[in-house]
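To keep things clear, I will list the structure first and then write my remarks on it.
Number of protein chains: 2
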Amino acid sequence: MSVIFTSAEDAEQAFYEAIGRGDLDALMSVWADDEEIVCIHPTGQYLRGPLAIRDSWRSIFASNSRLTVHVKRSVCWKGLLIAVHSVVETLYLGDEPTPHGPMLSTNVFQRGANGWRLLSHHASASADPGSAETGSAPQAAPLRTLH
Amino acid sequence: MSVIFTSAEDAEQAFYEAIGRGDLDALMSVWADDEEIVCIHPTGQYLRGPLAIRDSWRSIFASNSRLTVHVKRSVCWKGLLIAVHSVVETLYLGDEPTPHGPMLSTNVFQRGANGWRLLSHHASASADPGSAETGSAPQAAPLRTLH
Numbered sequence: 287m288s289v290i291f292t293s294a295e296d297a298e299q300a301f302y303e304a305i306g307r308g309d310l311d312a313l314m315s316v317w318a319d320d321e322e323i324v325c326i327h328p329t330g331q332y333l334r335g336p337l338a339i340r341d342s343w344r345s346i347f348a349s350n351s352r353l354t355v356h357v358k359r360s361v362c363w364k365g366l367l368i369a370v371h372s373v374v375e376t377l378y379l380g381d382e383p384t385p386h387g388p389m390l391s392t393n394v395f396q397r398g399a400n401g402w403r404l405l406s407h408h409a410s411a412s413a414d415p416g417s418a419e420t421g422s423a424p425q426a427a428p429l430r431t432l433h
Numbered sequence: 287m288s289v290i291f292t293s294a295e296d297a298e299q300a301f302y303e304a305i306g307r308g309d310l311d312a313l314m315s316v317w318a319d320d321e322e323i324v325c326i327h328p329t330g331q332y333l334r335g336p337l338a339i340r341d342s343w344r345s346i347f348a349s350n351s352r353l354t355v356h357v358k359r360s361v362c363w364k365g366l367l368i369a370v371h372s373v374v375e376t377l378y379l380g381d382e383p384t385p386h387g388p389m390l391s392t393n394v395f396q397r398g399a400n401g402w403r404l405l406s407h408h409a410s411a412s413a414d415p416g417s418a419e420t421g422s423a424p425q426a427a428p429l430r431t432l433h
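Below is the structure:
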């Protein structure tokens, strides 16, 4: 039985925690049960569908030491059925103290019978190293509820 | 008086046509009237708010020859108030026959009193040159209506 996320924020937290644990099943359970889910990596790799996305993350987990992602929400838009978060990710590899990134991600969530799930994760490298942790670009995370 | 876009598709078409004409006012009129709009360029530049976004596109239009963007929708998700399109952009500069890109973009639209407007445009370079025009990665553009 899968977990029901009652908010896009909960689903997003579970997504990044699963990355932190290298837990492929937990990671995949955050995605919507849909053939059309999309994941775009900072490398420019475009993945569509659960099989391609699972394969990619399996490979990422296999070839990296522990990944810890610190996430700062920049802007959130919330509809009845879709929510979108623009976030800044700072990545730590293993016990390295120096962060990688920052990455800019647009995360799209859908509300369905099983709560909120991830439809799309689009990540790309930020040009601004200052936005890692220090937050020079994105500041607070105002929640824009549209309904 | 600004144009009212009756669908996210119309707003998206107006966005790319404005880029093709180098028409800054038309481009900005597609965005939602909101301080929290977001534009992420393939360079990794993160822009928030209409002033920063306008300045950036003014500079892009000033320093480039005519830009023509061919857009192929990969996946679209449509809620009552928010729609998200995952698209592949192929860019032509001036009269050059060889395309640049492809770029992968996640475009987020909001339905308000003035129809559909752009909330966020997140573009990054694709790792797959074959997805330009030939469409090796994204195929059709199934519209996922969630309501």
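Top to bottom, those sequences are chains A and B.
Take my numbering: the final residue in the first sequence is number 433, and no numbers are missing along the way.
Take my numbering: the final residue in the second sequence is number 433, and no numbers are missing along the way.
Ideal Cβ placement from N, Cα and C applies to all residues, glycine included.
Next on the checklist: Within the continuous alpha helix (DSSP H) that includes residue 290 of chain A, where are the two ends?
Outcome noted: Taking the first residue of the first sequence as 1, we reach residue 290 of chain A at position 4. For residue 290 of chain A, no alpha helix (DSSP H) run applies, since DSSP gives it neither H nor E.
Next on the checklist: Run through chain B and tell me which residues come within less than 9 angstroms of residue 392 of chain A, C-beta to C-beta.
Outcome noted: As a working mapping, residue 392 of chain A is identified with position 106 in the first sequence. Residues of chain B with a Cβ closer than 9 angstroms to the Cβ of residue 392 of chain A are, in chain order, 324, 326, 370, 392, 394, 406 and 408.
Checklist entry - Expressed to the nearest angstrom, what Euclidean distance is found between the alpha-carbon atoms of residue 303 of chain B and residue 313 of chain B? => result Here residue 303 of chain B refers to the residue found at position 17 when the second sequence is read from its first residue. Here residue 313 of chain B refers to the residue found at position 27 when the second sequence is read from its first residue. Computed Cα separation, rounded: 8 angstroms.
Next on the checklist: Does the region 350–359 of chain A come into contact with the region 335–342 of chain A, if we say contact requires no fewer than three beta-carbon pairs (one atom in each stretch) closer than 8 angstroms?
Outcome noted: No contact exists between the region 350–359 of chain A and the region 335–342 of chain A.
Checklist entry - Is there a Cβ from chain B that is less than 9 angstroms from the Cβ of residue 316 of chain A? => result Indexing the first sequence from 1 puts residue 316 of chain A at position 30. Taking 9 angstroms as the threshold, the shortest C-beta distance from residue 316 of chain A to chain B does not fall below it.
Checklist entry - Going along chain B, which residues have a C-beta under 7 angstroms from residue 329 of chain A? => result Here residue 329 of chain A is taken as the residue at index 43 of the first sequence, counted from 1. Residues of chain B whose Cβ lies closer than 7 angstroms to the Cβ of residue 329 of chain A are, in chain order, 413.
Item to check | At least 3 beta-carbon pairs within less than 8 angstroms: the region 366–378 of chain B vs the region 389–400 of chain B | outcome: Between the region 366–378 of chain B and the region 389–400 of chain B there are three or more C-beta pairs closer than 8 angstroms, enough to call the two in contact.
Item to check | Interface flag, residue 377 of chain A vs chain B, CB-CB below 9 angstroms | outcome: The residue labelled residue 377 of chain A in the question sits at position 91 within the first sequence. No, because no Cβ of chain B sits closer than 9 angstroms to the Cβ of residue 377 of chain A.
Checklist entry - If you run the structure through DSSP and keep just helix, strand and coil, what is residue 328 of chain A? => result Stepping through the first sequence from its first residue, residue 328 of chain A is reached at position 42. Here residue 328 of chain A sits in coil by DSSP.
Next on the checklist: Only counting the same chain, and skipping five residues up and downstream in sequence, which positions put a Cβ closer than 7 angstroms to that of residue 392 of chain A?
Outcome noted: Sequence index remark: in the first sequence, residue 392 of chain A carries index 106 (1-based). Counting only Cβ-Cβ distances below 7 angstroms, and skipping sequence neighbours, we find 370, 372 and 408.
Checklist entry - Roughly how far, in whole angstroms, is the beta-carbon of residue 297 of chain B from the beta-carbon of residue 316 of chain B, given that I think they are within contact range, below 8 angstroms? => result To locate residue 297 of chain B, count along the second sequence from 1; it is residue 11. To locate residue 316 of chain B, count along the second sequence from 1; it is residue 30. Right, their Cβ atoms sit about 5 angstroms apart.
Next on the checklist: So, for residue 378 of chain A: in the same chain, excluding its five sequence neighbours on each side, which residues have a beta-carbon less than 6 angstroms away from its beta-carbon?
Outcome noted: What you label residue 378 of chain A is simply residue 92 of the first sequence in a count that begins at 1. Counting only residues of its own chain and dropping the five nearest sequence neighbours on each side, residue 378 of chain A has a CB closer than 6 angstroms to the CB of 354 and 385.
Checklist entry - Hey, quick one: how far does the beta strand (DSSP E) through residue 388 of chain B stretch, first residue to last? => result Within the second sequence, numbered from 1, the residue matching residue 388 of chain B stands at position 102. It spans 386–398 - the beta strand (DSSP E) in which residue 388 of chain B sits, taken as one unbroken run.
Next on the checklist: Suppose you measure from the CA of residue 413 of chain A to the CA of residue 342 of chain B; what does that come to, to the nearest Å?
Outcome noted: Here residue 413 of chain A corresponds to residue number 127 of the first sequence, with the count starting at 1. Here residue 342 of chain B corresponds to residue number 56 of the second sequence, with the count starting at 1. C-alpha separation (whole angstroms): 14 angstroms.
Checklist entry - What residues of chain A sit near residue 387 of chain B, judged by a beta carbon separation below 8 angstroms? => result Here residue 387 of chain B refers to the residue found at position 101 of the second sequence. Per Cβ cutoff of 8 angstroms: no residues; residue 387 of chain B is ~10 angstroms from chain A at best.
Checklist entry - Under the three-state reduction of DSSP, which class applies to residue 372 of chain B: helix, strand or coil? => result Here residue 372 of chain B refers to the residue found at position 86 of the second sequence. Residue 372 of chain B: strand per DSSP, three-state reduction.
Checklist entry - Over what stretch of residues does the alpha helix (DSSP H) that includes residue 297 of chain B continue unbroken? => result By one-based count along the second sequence, residue 297 of chain B stands at place 11. Unbroken alpha helix (DSSP H) run through residue 297 of chain B: 294–307.
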